[in-house]
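So the sequence lines, in the order shown, correspond to chains A and B. Numbered according to the UniProt record's numbering, the first sequence spans residues 1 to 445. Numbered according to the UniProt record's numbering, the second sequence spans residues 1 to 445.
Protein chains: 2
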Amino acid sequence: MSSEAETIAKTARRASNIIKTLSNEQRSTALKSIYDTLRDHKTQILEANEKDLAEARAANFPSSLIKRLDLTVGDKYDSMLQGVLDVAALDDPVGKITLATKLDEGLDLYRVTVPVGVLLVIFEARPEVIANISALALKSGNAAILKGGKESTHTFKAMAACVTKALEATGTVPAHTIQLITTREEVGSLLSQDMYIDLVIPRGSNALVRHIKENTKIPVLGHADGICSIYVAKDADAQMAARIVVDAKTNYPAGCNAVETLLLDESILSTKTFPTIIEALLKAGVTLKVTPEIELWLTKNDITIPESVKVVPATEQDFYTEFLDHIIAIKAVPSLADAIEHINEHGSHHTDCIITKDEAEANTFLKGVDSAGVYWNASTRFADGFRYGFGTEVGISTNKIHARGPVGLEGLVGYHYQLKGHGQIAADYAGAGGNKQFLHTPIDH
Amino acid sequence: MSSEAETIAKTARRASNIIKTLSNEQRSTALKSIYDTLRDHKTQILEANEKDLAEARAANFPSSLIKRLDLTVGDKYDSMLQGVLDVAALDDPVGKITLATKLDEGLDLYRVTVPVGVLLVIFEARPEVIANISALALKSGNAAILKGGKESTHTFKAMAACVTKALEATGTVPAHTIQLITTREEVGSLLSQDMYIDLVIPRGSNALVRHIKENTKIPVLGHADGICSIYVAKDADAQMAARIVVDAKTNYPAGCNAVETLLLDESILSTKTFPTIIEALLKAGVTLKVTPEIELWLTKNDITIPESVKVVPATEQDFYTEFLDHIIAIKAVPSLADAIEHINEHGSHHTDCIITKDEAEANTFLKGVDSAGVYWNASTRFADGFRYGFGTEVGISTNKIHARGPVGLEGLVGYHYQLKGHGQIAADYAGAGGNKQFLHTPIDH
Chain A
1 MSSEAETIAK
11 TARRASNIIK
21 TLSNEQRSTA
31 LKSIYDTLRD
41 HKTQILEANE
51 KDLAEARAAN
61 FPSSLIKRLD
71 LTVGDKYDSM
81 LQGVLDVAAL
91 DDPVGKITLA
101 TKLDEGLDLY
111 RVTVPVGVLL
121 VIFEARPEVI
131 ANISALALKS
141 GNAAILKGGK
151 ESTHTFKAMA
161 ACVTKALEAT
171 GTVPAHTIQL
181 ITTREEVGSL
191 LSQDMYIDLV
201 IPRGSNALVR
211 HIKENTKIPV
221 LGHADGICSI
231 YVAKDADAQM
241 AARIVVDAKT
251 NYPAGCNAVE
261 TLLLDESILS
271 TKTFPTIIEA
281 LLKAGVTLKV
291 TPEIELWLTK
301 NDITIPESVK
311 VVPATEQDFY
321 TEFLDHIIAI
331 KAVPSLADAI
341 EHINEHGSHH
351 TDCIITKDEA
361 EANTFLKGVD
371 SAGVYWNAST
381 RFADGFRYGF
391 GTEVGISTNK
401 IHARGPVGLE
411 GLVGYHYQLK
421 GHGQIAADYA
431 GAGGNKQFLH
441 TPIDH
Chain B
1 MSSEAETIAK
11 TARRASNIIK
21 TLSNEQRSTA
31 LKSIYDTLRD
41 HKTQILEANE
51 KDLAEARAAN
61 FPSSLIKRLD
71 LTVGDKYDSM
81 LQGVLDVAAL
91 DDPVGKITLA
101 TKLDEGLDLY
111 RVTVPVGVLL
121 VIFEARPEVI
131 ANISALALKS
141 GNAAILKGGK
151 ESTHTFKAMA
161 ACVTKALEAT
171 GTVPAHTIQL
181 ITTREEVGSL
191 LSQDMYIDLV
201 IPRGSNALVR
211 HIKENTKIPV
221 LGHADGICSI
231 YVAKDADAQM
241 AARIVVDAKT
251 NYPAGCNAVE
261 TLLLDESILS
271 TKTFPTIIEA
281 LLKAGVTLKV
291 TPEIELWLTK
301 NDITIPESVK
311 VVPATEQDFY
321 TEFLDHIIAI
331 KAVPSLADAI
341 EHINEHGSHH
351 TDCIITKDEA
361 EANTFLKGVD
371 SAGVYWNAST
381 RFADGFRYGF
391 GTEVGISTNK
401 IHARGPVGLE
411 GLVGYHYQLK
421 GHGQIAADYA
431 GAGGNKQFLH
441 TPIDH
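Below you can see the structure in the form of structure tokens.
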């Protein structure tokens, strides 16, 4: 007997086997259909959303969660709609030939991008993810199972009805290509469907991502912590360092690409670079968690701590912490090598930066730091799919294989090899019993 | 307290952080050093190998295992040595720029290939894997932990001493870059070091691969079963079909790219294509496991079964089985769509083939079958890194993400993003508080 989760996963696999054969035009038409349906049912969806909001307020949910739930904040609804059209307009990620080799006359090998297959997307609160991930999955030829948090159930059901209706209207894309799961079925049982589900994409808190990574054998695309560091090297420009550090810390402290750790080369503690950076952080209202030698140099430099901010001793744990707030941990390191070692040991392999005028030092840092993004003289806040020019962002991955860093649609495709022959058999070729040699010449494509 | 496995894994991580910063020349020099040392210590290694062989014979190990253990079979030792030089001569897989975008004036983004990090390679019997995988890991800038089976302990220790000595001789590559583990430490405790190990590569039986996949959260590069199918469509050329099927089945039945399932379009059962294929298989000494309708047509065609071969009824399980022998399961399917569905349900997503003269049918098959290799009119036996022109083969992957199909050195690298700026901060740009627009123009590279 199949469990409910297995039935859902098998249904997704069957839909995947159909949608992956459709053309870019057919897939993009489904996105336009979703756009139309969500636009035409705005009233009903916002009514459902108001029910979720009322229940959330009654349950005294934190205001940050209520804000994430609320589809009427600013232009959230319209930008959600526009996002669907934007994804439809992107280049087709499927069917790209990335290698073409003539193995022999009339025996041509092509490596071609194909959809990954079945995605499981698990998210919290934000109902606009439904539109966004449906668009991304369909555009890249994947089937997707969407599982939302229970706090957005009413909105989720209203939007799910629209997506299903929109797909039915296409006549080509199976309605089950996007399955929106609102049953009580536990996420855990979906996470065990590694026979049918190819990739899990968590969209939510670090705790959610960590929970998922701990509980599945399916590859997970995403990141838990974003512990980014900036190392200010010996000959950094003081003003540049101060500007970058303040931007990376304060531009959006809740972002995973915000800086959490500041490593200062020991040699700059006795120069004016040190007070320049520290005073800029204090002026920006950032709490400093400092090691004893930093505290000593604060005193030596006679730096005044404004009333509104705090300077406190750092613990070892602070250098493993994503503060997501106006807080930064600061320590001194004896050398570039120590900075690299610190980052590789304590960081989360997300995005790390060196500030220096010395190109050789920068290159050593870029080669030595084991992170998805390695920056020279630029704010870590640039780590973002839109800023990188990808047009969309599936997430930011700290995995070592497949997609890494900000991930666009290319993270939702893999590849396969197509071999087109005229009856060739292996036994005719050298190494398998015959005398024929392979040509291995590139094919123009 | 660190466990022994954790110490090994951490040591590998530290070595990884060094070797990934070395040049192609430095890495390739280490390969030449390994070549020299293994060549100079051939006598000692073969003496150690003889001890393993004596113990294996005394323990009555099967002759196939003894053959795999034996480094003196044919030119095994010399071709192992040549393999190390061949890998050294390949293009550097590290440091390739795969995307370059000017985000703004003086703010350049590069996507650059980098080593994956730390590999855990688990293998059985074949001691030549030590030279092969050491070469592949070093060439691609990775550290590796090698764990062999206990039946090759003497050979393993002798070769491990050579590899360590060879690396020490380089003066640049840390000796611990390749750790050869001969302790009693269980594989299980290494498989749990997902903090430090980035990729597991099993080199051995299906049972080994399955065990590893079941017992680790680290991504596994490889495949368990190779259940490949050939579908003979309505208008297949009879002679071509017979030649391809016989080659795919008999050229090397123990290979993962050998065909196991033959799907015949119902429409060919009443044509002479059917007896042509069947008689070719019988002549090649292949046992046929057939469904009732195939059996019926065997009778109708009055096909004589030679004494030396068997025709037996197929069970449903036969279509999920990798026979690794002169056995093939045969069934009829009503249509191309049914063939695709059968393969997606029963196959192992390795390599599958359609034989047809109809290009439209072929393209439907190539798009619809969910496998690493999809072939049109060519033997499945071509699924191989050397035949594809990669110069080496790390393994054949049936994963959906990262490397798929025959994997060359590119399966041992990932990428990171390098951003090179001049003090740019996010707050100056639109979307993060400022007015500057991104350029997103390609950089020549």
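Note that beta-carbon positions come from the ideal geometry of N, C-alpha and C, so glycine has one too. Just so we're clear, the structure is a prediction, and the values are computed from it rather than from any experiment.
Counting other Cβ atoms within 10 Å of its Cβ, E214/A stays below 16 and is therefore classed as exposed.
Using a Cβ-Cβ cut-off of 8 angstroms, S192/B does not count as an interface residue toward chain A, since no Cβ of chain A sits closer than that to its own. Relative to G95/B, the option among G368/A, G395/A, E50/A and P219/A whose CA is nearest is G368/A. For K20/A, at least one C-beta of chain B is nearer than 8 angstroms to its own C-beta. H211/B sits in a helix when the DSSP states are folded into three classes.
In this chain, K150/A is not harboured by any alpha helix (DSSP H), its DSSP state being neither H nor E. When DSSP states are grouped into helix, strand and coil, R13/B belongs to the helix group. Using a Cβ-Cβ cut-off of 8 angstroms, W376/B counts as an interface residue toward chain A, since at least one Cβ of chain A sits closer than that to its own. Within the region 95-107 of chain B, T101, L103 and L107 place their CB atoms closer than 8 angstroms to a CB of chain A, listed in sequence order.
The Cβ atoms of L298/B and V311/B sit closer than 8 angstroms to each other. The beta-bridge partner set that DSSP reports for W376/A consists of I354/A and K420/B. Looking at the DSSP output, A332/B sits in a beta bridge with L264/B. P62/B counts as exposed, since fewer than 16 other beta carbons sit within 10 angstroms of its beta carbon.
Around the C-beta of D318/A, 16 or more other C-beta atoms lie within 10 Å, and the residue is accordingly described as buried. Bounds of any alpha helix (DSSP H) do not take in P253/B, whose DSSP letter is neither H nor E. Annotation for V73/B: no alpha helix (DSSP H) segment contains it, and DSSP assigns it neither H nor E. A residue is called buried when at least 16 other Cβ atoms come within 10 angstroms of its Cβ; N60/B does not meet this threshold and is exposed. Annotation for S229/A: the continuous beta strand (DSSP E) segment containing it runs C228 to V232.
DSSP, read as helix, strand or coil, puts L167/B in helix.
Contact annotation for M195/B against chain A: no contact, minimum CB-CB distance about 11 angstroms [criterion: below 8 angstroms]. Going by DSSP, Y35/B is part of the alpha helix (DSSP H) stretching over N24 to D40.
Assigned with DSSP and collapsed to three states, D108/B falls in strand. If you look at K367/B, you'll find it in the alpha helix (DSSP H) that goes E359 to G368. For I355/B, the closest alpha carbon among the candidates K300/B, V232/B, K20/B and N132/B is that of V232/B. Residue pairing by DSSP puts L99/B in a beta bridge opposite R111/B.
V116/A carries a coil assignment under DSSP once its states are collapsed to helix, strand and coil.
Per the Cβ contact rule, the region 179-193 of chain B is not in contact with the region 30-44 of chain B (fewer than 3 Cβ pairs under 8 angstroms).
The residues A15, I19, L138, A143 and L167, in chain order, have a CB closer than 7 angstroms to that of T177/A in the same chain once the five nearest residues on each side in sequence are set aside. In this structure, G204/A and E316/A do not form a Cβ contact; the two beta carbons are roughly 28 angstroms apart against a cut-off of 8 angstroms. Chain B places no beta carbon closer than 8 angstroms to that of N435/A, leaving this residue out of the contacts. Residues of the region 319-344 of chain A with a Cβ closer than 8 angstroms to any Cβ of chain B, in chain order: I340, E341 and N344.
In the DSSP assignment, P219/A falls outside any alpha helix (DSSP H) and carries neither an H nor an E.
Rounded to whole angstroms, the Cβ separation of T291/A and K331/A is 4 angstroms, and the two are in contact under 8 angstroms. Rounded to the nearest angstrom, the gap between the Cα atoms of F382/A and G433/B is 13 angstroms.
Sequence-distant partners of P202/B (beyond 5 residues in either direction) whose C-beta falls short of 6 angstroms from its own C-beta, in its chain, are I122, L208, V209, I212 and G222. Close partners of A372/A in chain B (Cβ separation under 8 angstroms): H416 and Y417.
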